[in-house]
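What follows is a set of notes on a single structure, which appears directly below.
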Amino acid sequence: MEEKILEILAEKCGVEPEDLKEDMDIDLFEEGLLDSFAMLGLLVDFDEQLGVKIEITELERSEINTPNKVIECLSKRG
Amino acid sequence: MFVLEKIAEYAKDANRKAVIHGDKVMTYAQLEHYSNAFADYLLKNGSNKTPVVIYGHKEEQFLPCMYGALKAGRAYVPVDITFPADRLEMVLSDVAPEFFVKLRETDVAVKEGTQSLSIDKIDDIFASYKGGAVANENWVKPEDNCYILFTSGSTGRPKGVPINRANIENLYNQLISWCDIEAETDIITNQISFSFDVSVVSVYMGVSLGKTLYTIDKSMMETPAALYEGLGSSNLSFWVSTPSFAELCAMSEHFNEKMLPNLKRFLFCGETLTHKLVDTLHERFPNADVVNTYGPTEATVLVTASLITREMAEDPKPIPIGEPLPEVEFRIVDDKGNLLKSGETGELQIISDNVGHGYYGRPDLTEKVFFETESRGQKKRGYRTGDAAYEQNRLYYFCGRMDFQIKLNGYRIELEDIENNMVKVENVSRAVVIPVMKEEKVDYLAAFVLLTKAIDGPKLREITRIKSELAKLVPAYMVPRKIVLCDSLPTNTNGKVDRKVLAAQL
Numbered sequence: 012m013e014e015k016i017l018e019i020l021a022e023k024c025g026v027e028p029e030d031l032k033e034d035m036d037i038d039l040f041e042e043g044l045l046d047s048f049a050m051l052g053l054l055v056d057f058d059e060q061l062g063v064k065i066e067i068t069e070l071e072r073s074e075i076n077t078p079n080k081v082i083e084c085l086s087k088r089g
Numbered sequence: 364m365f366v367l368e369k370i371a372e373y374a375k376d377a378n379r380k381a382v383i384h385g386d387k388v389m390t391y392a393q394l395e396h397y398s399n400a401f402a403d404y405l406l407k408n409g410s411n412k413t414p415v416v417i418y419g420h421k422e423e424q425f426l427p428c429m430y431g432a433l434k435a436g437r438a439y440v441p442v443d444i445t446f447p448a449d450r451l452e453m454v455l456s457d458v459a460p461e462f463f464v465k466l467r468e469t470d471v472a473v474k475e476g477t478q479s480l481s482i483d484k485i486d487d488i489f490a491s492y493k494g495g496a497v498a499n500e501n502w503v504k505p506e507d508n509c510y511i512l513f514t515s516g517s518t519g520r521p522k523g524v525p526i527n528r529a530n531i532e533n534l535y536n537q538l539i540s541w542c543d544i545e546a547e548t549d550i551i552t553n554q555i556s557f558s559f560d561v562s563v564v565s566v567y568m569g570v571s572l573g574k575t576l577y578t579i580d581k582s583m584m585e586t587p588a589a590l591y592e593g594l595g596s597s598n599l600s601f602w603v604s605t606p607s608f609a610e611l612c613a614m615s616e617h618f619n620e621k622m623l624p625n626l627k628r629f630l631f632c633g634e635t636l637t638h639k640l641v642d643t644l645h646e647r648f649p650n651a652d653v654v655n656t657y658g659p660t661e662a663t664v665l666v667t668a669s670l671i672t673r674e675m676a677e678d679p680k681p682i683p684i685g686e687p688l689p690e691v692e693f694r695i696v697d698d699k700g701n702l703l704k705s706g707e708t709g710e711l712q713i714i715s716d717n718v719g720h721g722y723y724g725r726p727d728l729t730e731k732v733f734f735e736t737e738s739r740g741q742k743k744r745g746y747r748t749g750d751a752a753y754e755q756n757r758l759y760y761f762c763g764r765m766d767f768q769i770k771l772n773g774y775r776i777e778l779e780d781i782e783n784n785m786v787k788v789e790n791v792s793r794a795v796v797i798p799v800m801k802e803e804k805v806d807y808l809a810a811f812v813l814l815t816k817a818i819d820g821p822k823l824r825e826i827t828r829i830k831s832e833l834a835k836l837v838p839a840y841m842v843p844r845k846i847v848l849c850d851s852l853p854t855n856t857n858g859k860v861d862r863k864v865l866a867a868q869l
């Protein structure tokens, strides 16, 4: 599951999963790896590929601003 | 029937709302008073008619400053905060304005002869004004520019597109019937940044019809909860945006008729409208029309409009960019300029009074794409769009660009603009930017980068460093999402970088 989450996240960030593993606490928004459009696309992919539905209206950026937090957020809701 | 006359007319009703922004409301009476205040300040303190550069993003002072400039006979140059200081500086250097309105702080260098007006100063001007309307003879004349928008230029320097009052009035006359639906109570979106011309539909058509502009700003866009809460309480009836913004909203299934029960029409402009979005909107808003339009900034926002029917949505052909507005003539020509027959694909030329007079201070560029011709017995201006298109049953279909210009999330970008700026970043010796398509449009940009010297640290840090350095030179939307560090670039038989090979790697 964790591998798959990283794979989807890395694709949206335009990097390789191995790159993200180098720094799992990197701020995805501040470092320009995610923006509003990519973030929403990410949620669509999580729904379609992992079956984890996250309602964007209930999500704060601060809940998914690092790779570690994305994994935490998904395991909480998955 | 110019917009300024209409503002004065609606201002007589003390309660009529011009703009809603969060909890704040600006009435037409305030809009009228503030724009008079700013115009009066410009007339009393100015010595020439140079355009006023306004830097900011949807602040409540923005619109009164725009209309105030027009009332003082000046054009305005709206620059959104997505422009980094470096680009803002290029705009200031091209325009050499007498007045520079800074609604947001920026440490950009201002030349001698330019007076900076802070947001506090603007508020002061608004609050202390005791006078009435600024006399009409001071207003912009039909041949005077109303705005200059700076758009991506292939050399890496943005180019200014000036549009005059006659262009806008022509657009107004052509488009009015598409906007005039229940004018009295209409609430229209005010989401597109003022530096992009799709905003003209709200700023000129919407306000001329006395509609209320409902502001959706960047901070709302970044907080989905606030965006949907805002939409839910907006009571919007007329939606104007790029398809991308509607796609973003549609990612929540709650974006439907229940959220916006009064919505009558979606009017899209600025990029490809996909079948997917049309189907979603037809399904979720069965009582709203979907209208597609098309037009380059050089021809004043849009030159087509067509209702997208369910038949068009079911047709596997692309969604049409529409039928030319009554005054507009389209020509599809081959590379020698010969007119092509119906159904044949060639370059689309626009002949219309919507076509502007060229690029600001760039006769060399103007000469290449603007021309004069005769249409239906009248002398008209024409513009070579660089868009490939064909016509069938009076509807036109877009088939892509003939150069390296693309649209991403509604933003017009010259890929060479990005490449030419990327090589200014330290340790980047070469950059090739490729658009990555998904369904019918560009999903994101990828850059293949050759480094001057190999890195020893983590790759991710080098990628984010390149991105953040590039973001100081170009707007954030031009920073490629994907950056691939590579040792060499494939070349074709002519020795040029083979973009097809690179695209296939993505």
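Sequences listed follow chains A and B, in order. Residue 12 is where the first sequence starts when you use this note's numbering, and the numbers rise one by one after that. Residue 364 is where the second sequence starts when you use this note's numbering, and the numbers rise one by one after that. Ideal Cβ positions, reconstructed from N, Cα and C, are used throughout, including at glycine.
When C-alpha distances from residue 588/B are compared across 68/A, 84/A, 76/A, the shortest belongs to 68/A. When secondary structure is reduced to three states using DSSP, residue 389/B falls in the strand class.
For residue 44/A, a Cβ of chain B is located within less than 9 Å of the residue's own Cβ. Segment contact: the region 710-730 of chain B against the region 684-697 of chain B, three or more CB-CB distances shorter than 8 Å; contact assigned. Rounded to whole angstroms, residue 838/B and residue 740/B show a C-alpha spacing of 43 Å. For residue 709/B, no alpha helix (DSSP H) encloses it; the enclosing beta strand (DSSP E) starts and ends at 709-714. In the three-state scheme derived from DSSP, where H, G and I count as helix and E and B as strand, residue 606/B is classed as helix. Annotation for residue 585/B: the continuous alpha helix (DSSP H) segment containing it runs 581-585. At the C-beta level, residue 867/B and residue 570/B stay beyond 9 Å of one another.
Straight-line spacing of the CA atoms in residue 762/B and residue 487/B works out to 51 Å.
Between the alpha carbons of residue 531/B and residue 869/B lies a gap of roughly 42 Å. Within the same chain, 613 come within 8 Å of residue 643/B by CB-CB distance, once the 5 residues on both sides are set aside.
If you draw a straight line from the Cα of residue 408/B to the Cα of residue 513/B, it comes to about 26 Å. The C-beta of residue 635/B has 16 or more other C-beta atoms within 10 Å across all chains shown, which makes the residue buried.
By the C-beta density criterion, residue 855/B is exposed, having fewer than 16 other C-beta atoms within 10 angstroms. Contiguous beta strand (DSSP E) elements confined to the region 28-59 of chain A do not occur, taking only those with 3 or more residues.
Excluding residues up to 5 positions away in sequence, 786, 813, 814, 815 lie with their Cβ nearer than 8 Å to the Cβ of residue 792/B in the same chain. Its Cα nearest to that of residue 681/B, the residue 803/B stands out among 525/B, 398/B, 803/B. When C-beta distances to chain B are compared with 9 Å, the residues of the region 51-72 of chain A below that value are 51, 52, 54, 55, 66, 67, 68, 69, 70, 71, 72, in chain order. Residue-level contact by beta carbon holds for residue 587/B and chain A, with a gap shorter than 9 Å. About 6 Å separates the Cβ atoms of residue 416/B and residue 458/B, confirming a contact at the 8 Å cut-off. Cβ neighbours of residue 509/B within its own chain (closer than 7 Å, five residues either side excluded): 433, 438, 503, 526, 527, 528, 531.
Rounded to the nearest whole angstrom, the C-alpha separation of residue 523/B and residue 79/A is 44 Å. In the three-state reduction of the DSSP assignment, residue 798/B falls in the strand class, which pools E and B. The beta carbons of residue 844/B and residue 795/B sit no closer together than 9 Å.
Residue 643/B has a beta carbon lying at 9 Å or more from every beta carbon in chain A. Look at residue 797/B: its C-beta is not under 9 Å from any C-beta on chain A.
Between residue 555/B and residue 773/B, the C-beta spacing is below 9 Å.
In the DSSP annotation of this structure, the continuous segment of the beta strand (DSSP E) that includes residue 578/B starts and ends at 575-578.
Of 686/B, 446/B, 410/B, 541/B, the smallest CA-CA separation from residue 478/B is found for 410/B. For residue 33/A, the chain B residues whose C-beta falls within less than 7 Å of its own C-beta are 821, 823, listed in chain order. Contact between the region 586-604 of chain B and the region 657-668 of chain B is absent: fewer than three C-beta pairs spanning the two stretches fall below 8 Å. Residue state for residue 748/B is assigned as strand, using DSSP reduced to three classes. Nearest CB-CB separation between residue 611/B and chain A: below the 9 Å threshold. Measuring C-alpha to C-alpha distances from residue 705/B to each of 754/B, 723/B, 685/B identifies 754/B as the nearest.
Under DSSP, the beta-bridge partners assigned to residue 384/B are 387/B.
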